[in-house]
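Chemist: This is the structure I want to talk about, given as structure tokens.
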Ligand code: PEP
Ligand code: MN
């Protein structure tokens, strides 16, 4: 058992790394990968799934409690701390009895308050660190709620893991990152450390680096990366796991940027930020002028009994902007979002003019 995971994360040079296979498959597999990870990288925690929450039956559902001593032994032989996923009271009891250092609650469990409460109840008073993955659906409150249930049971050493949110058939991600959600979590709970799990967000080895880099650029505290001695033959999540060498390469490719600004950087950035502030002023002055014109149009529509929404006209307005997207060097999505926001505000103003009493 460790004193406090939260303190260890604070004291470790960023990023704090958790690595290991998606699933424990054999004693030899867990121990060999742990040794290689410990030798080649500065990983602090060894992960291995013992009980696997699989989407469909007849997939490999984890080796079960028999794998717990493998994980604990691998931890002892390498000096790595150990962690595994728990999804019910029995898992918690067995993992703690075997001497696993840290527990984590998986995305399919966080989503279910009954299951989280069951785990919180059995943990009552235990001094074990718990990491809570985000729920599979993009619901910040459910994530916070799970952390609170554990806290109410006296578990104070809590860490959050961002692993993305379910999506159907996305070309790039296995689980959508929705970065605004972990950012909002940190805003509401700055006391809780935040780890990113690029493996489950990307779902592909070649997508790990960009997700991991983005997490570090957003000041995440650490990374959880699935690492397997022979990824192609892994019994679960074969496409997203890397070898220990792959992990080493990934970690050395990451650019570590500092959060604190030096006085020099601050003064240079202040000049640029002032210019941006000036442009923001101009943008809003123009928007104000544009809305005044919308109001004039609104008055004309009211006097002549014309509906607010002129669908065909609006389609043309958007098309004109999108045609220029290359000149602007802006994405179509950005142009659409801006135009939609302008349109909504314009409709709001015209509605007020047309129907002053309602
Ligand atoms: C895992 O870490 O292997 C796992 C099952 O994760 P998640 O709960 O994020 O799906
Ligand atoms: Mn996995």
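In our numbering, the protein residues as written are 490 to 847.
Glycine residues also receive a C-beta, built at the ideal position from the N, C-alpha and C atoms.
Could you give the C-beta distance for residue 731 and residue 740, rounded to a whole number, given that I count them as a contact under 8 Å?
Modeler: In the chain shown, counting from the first residue as 1, residue 731 sits at position 242. In the chain shown, counting from the first residue as 1, residue 740 sits at position 251. About 10 Å separates the two Cβ atoms, so there is no contact after all.
Chemist: Measure the CB-CB distance between residue 713 and residue 790 and report whether it falls below 8 Å.
Modeler: By one-based count along the chain shown, residue 713 stands at place 224. By one-based count along the chain shown, residue 790 stands at place 301. Contact flag unset, no.
Chemist: Among the candidates 546, 529, 574 and 798, whose CA atom is the shortest distance from the CA of residue 567?
Modeler: Counted from its first residue, the chain shown places residue 567 at position 78. Comparing Cα-Cα distances from residue 567 to each of 546, 529, 574 and 798, the minimum goes to 529.
Chemist: CA-CA distance, residue 799 and residue 845?
Modeler: As a working note, residue 799 is residue 310 in the chain shown. As a working note, residue 845 is residue 356 in the chain shown. Cα to Cα, the separation comes out at about 20 Å.
Chemist: Using only the heavy atoms of the ligand MN, determine whether one of them is closer than 7 Å to the beta carbon of residue 691.
Modeler: Along the chain shown, read from residue 1 onward, the residue named residue 691 stands at position 202. No, the ligand MN has no heavy atom inside 7 Å of this Cβ.
Chemist: What separation, rounded to the nearest whole angstrom, lies between the Cα atoms of residue 822 and residue 552?
Modeler: What you label residue 822 is simply residue 333 of the chain shown in a count that begins at 1. What you label residue 552 is simply residue 63 of the chain shown in a count that begins at 1. Residue 822 and residue 552: Cα-Cα distance of roughly 45 Å.
Chemist: Give the DSSP bridge partners of residue 508, in chain order.
Modeler: As a working mapping, residue 508 is identified with position 19 in the chain shown. Residue 508 pairs with 535 and 714.
Chemist: Over what stretch of residues does the alpha helix (DSSP H) that includes residue 682 continue unbroken?
Modeler: Along the chain shown, read from residue 1 onward, the residue named residue 682 stands at position 193. That residue, residue 682, is in no alpha helix (DSSP H); its beta strand (DSSP E) goes 682-685.
Chemist: With distance defined between alpha-carbon atoms, name the residue in 614, 664 and 625 nearest to residue 642.
Modeler: In the chain shown, residue 642 corresponds to position 153, counting from 1. Here the closest residue by C-alpha is 614.
Chemist: Can you confirm whether the stretch 675-693 touches the stretch 717-735 when touching is taken to mean that 3 or more C-beta pairs between the two stretches lie within less than 8 Å?
Modeler: Contact holds: three or more Cβ-Cβ distances are below 8 Å.
Chemist: Three or more C-beta pairs under 8 Å: does that hold for the stretch 700-716 against the stretch 755-762?
Modeler: These segments do not touch.
Chemist: For residue 632 and residue 706, what's the separation of their Cα atoms in angstroms?
Modeler: As a working note, residue 632 is residue 143 in the chain shown. As a working note, residue 706 is residue 217 in the chain shown. Straight-line Cα distance between these residues: approximately 22 Å.
Chemist: Out of 766, 571 and 700, which one is the CA nearest neighbour of residue 587?
Modeler: For the purposes of this step, residue 587 is identified with residue 98 of the chain shown, where counting begins at 1. If we check each option's Cα against that of residue 587, 571 comes out closest.
Chemist: Residues with a Cβ closer than 5 Å to any heavy atom of the ligand MN, in chain order?
Modeler: The filter returns 511 and 726, in chain order.
Chemist: Taking Cβ to Cβ, would you say residue 624 is nearer than 8 Å to residue 599?
Modeler: Numbered from 1 along the chain shown, position 135 holds the residue referred to as residue 624. Numbered from 1 along the chain shown, position 110 holds the residue referred to as residue 599. Going by C-beta atoms, residue 624 is nearer than 8 Å to residue 599.
Chemist: Looking at the ligand PEP, does it come within less than 7 Å of residue 542, judged from the CB to the closest heavy atom?
Modeler: The residue labelled residue 542 in the question sits at position 53 within the chain shown. For the ligand PEP, at least one heavy atom lies less than 7 Å from the Cβ of residue 542.
Chemist: Would residue 635 be called buried (16 or more neighbouring beta carbons within 10 Å of its own) or exposed?
Modeler: Mapped onto the chain shown, residue 635 falls at position 146. Buried: at least 16 other Cβ atoms inside 10 Å.
Chemist: Counting along the chain, where does the alpha helix (DSSP H) carrying residue 832 start and finish?
Modeler: In the chain shown, the residue the question calls residue 832 occupies position 343. Where residue 832 is concerned, the enclosing alpha helix (DSSP H) stretches over 821-843.
Chemist: Hey, would you say residue 559 sits closer than 8 Å to residue 519, going by beta carbons?
Modeler: Numbered from its first residue, the chain shown carries residue 559 at position 70. Numbered from its first residue, the chain shown carries residue 519 at position 30. Yes.
Chemist: Tell me the DSSP secondary structure of residue 795 in three-state form.
Modeler: Along the chain shown, one-based indexing puts residue 795 at 306. The answer is coil: DSSP assigns residue 795 none of H, G, I, E or B.
Chemist: If you reduce the DSSP assignment to three classes, tell me which class residue 659 lands in.
Modeler: Counting from 1 along the chain shown, the entry for residue 659 is found at position 170. The answer is coil: DSSP assigns residue 659 none of H, G, I, E or B.
Chemist: Do you know offhand how far residue 493's Cα is from residue 502's?
Modeler: As a working note, residue 493 is residue 4 in the chain shown. As a working note, residue 502 is residue 13 in the chain shown. Using only the alpha carbons, I get a separation of about 16 Å.
Chemist: Could you pull out every residue in the same chain whose Cβ sits closer than 8 Å to the Cβ of residue 848, ignoring the five residues on either side in sequence?
Modeler: Since the first residue shown for the chain is 490 and the last is 847, residue 848 is missing from the structure and cannot be characterised.
Chemist: What does DSSP give as the partner residue(s) for residue 740 in the beta ladder?
Modeler: The residue given as residue 740 occupies position 251 in the chain shown. BP columns for residue 740 are empty, so no partner.
Chemist: DSSP has residue 649 in a bridge; who is on the other side?
Modeler: Locating residue 649 in the chain shown gives position 160, where the first residue counts as 1. DSSP, once it has assigned bridges, lists 621 and 683 as partnering residue 649.
Chemist: Determine the burial state of residue 765: buried for a count of at least 16 other Cβ atoms within 10 Å of its Cβ, exposed for fewer.
Modeler: Counting from 1 along the chain shown, the entry for residue 765 is found at position 276. Per the 10 Å Cβ criterion, exposed.
Chemist: Can you round the beta-carbon distance between residue 536 and residue 505 to whole angstroms, since I take them to be within the 8 Å contact cut?
Modeler: By one-based count along the chain shown, residue 536 stands at place 47. By one-based count along the chain shown, residue 505 stands at place 16. Contact flag wrong, Cβ pair sits at about 13 Å.
Chemist: Ends of the alpha helix (DSSP H) at residue 499?
Modeler: As a first step, residue 499 must be located in the chain shown, where it is residue number 10. Its alpha helix (DSSP H) spans residues 494-500.
Chemist: Quick check on residue 803: does DSSP put it in helix, strand or coil?
Modeler: Working through the chain shown from its first residue, we reach residue 803 at position 314. In the structure shown, residue 803 sits in a helix (DSSP, three-state: H, G or I).
Chemist: For a minimum of 4 consecutive residues, which ranges assigned as the alpha helix (DSSP H) are wholly contained in the stretch 552-581?
Modeler: Complete alpha helix (DSSP H) runs here, min 4: 557-567.
Chemist: Is it the case that the CB of residue 597 approaches a heavy atom of the ligand PEP more closely than 7 Å?
Modeler: Residue numbering aside, residue 597 sits at position 108 when the chain shown is read from its first letter. Residue 597 Cβ: within cutoff of the ligand PEP.
Chemist: If we call anything under 8 Å between Cβ atoms a contact, is residue 557 one with residue 583?
Modeler: Here residue 557 corresponds to residue number 68 of the chain shown, with the count starting at 1. Here residue 583 corresponds to residue number 94 of the chain shown, with the count starting at 1. Yes, these two residues count as a Cβ contact at 8 Å.
Chemist: Say the cut is 7 Å; is the CB of residue 686 nearer than that to a heavy atom of the ligand PEP?
Modeler: In the chain shown, residue 686 corresponds to position 197, counting from 1. Answer for residue 686: yes, Cβ within range of the ligand PEP.
Chemist: Is any heavy atom in the ligand PEP found nearer than 7 Å to the beta carbon of residue 622?
Modeler: Counted from its first residue, the chain shown places residue 622 at position 133. Yes, the beta carbon of residue 622 sits closer than 7 Å to at least one heavy atom of the ligand PEP.
Chemist: Run through DSSP, which three-state label would residue 592 get?
Modeler: Here residue 592 refers to the residue found at position 103 of the chain shown. Three-state DSSP puts residue 592 in a strand.
Chemist: Please find out if some non-hydrogen atom of the ligand PEP comes closer than 7 Å to the beta-carbon of residue 711.
Modeler: Working through the chain shown from its first residue, we reach residue 711 at position 222. Residue 711 Cβ: outside cutoff for every heavy atom of the ligand PEP.
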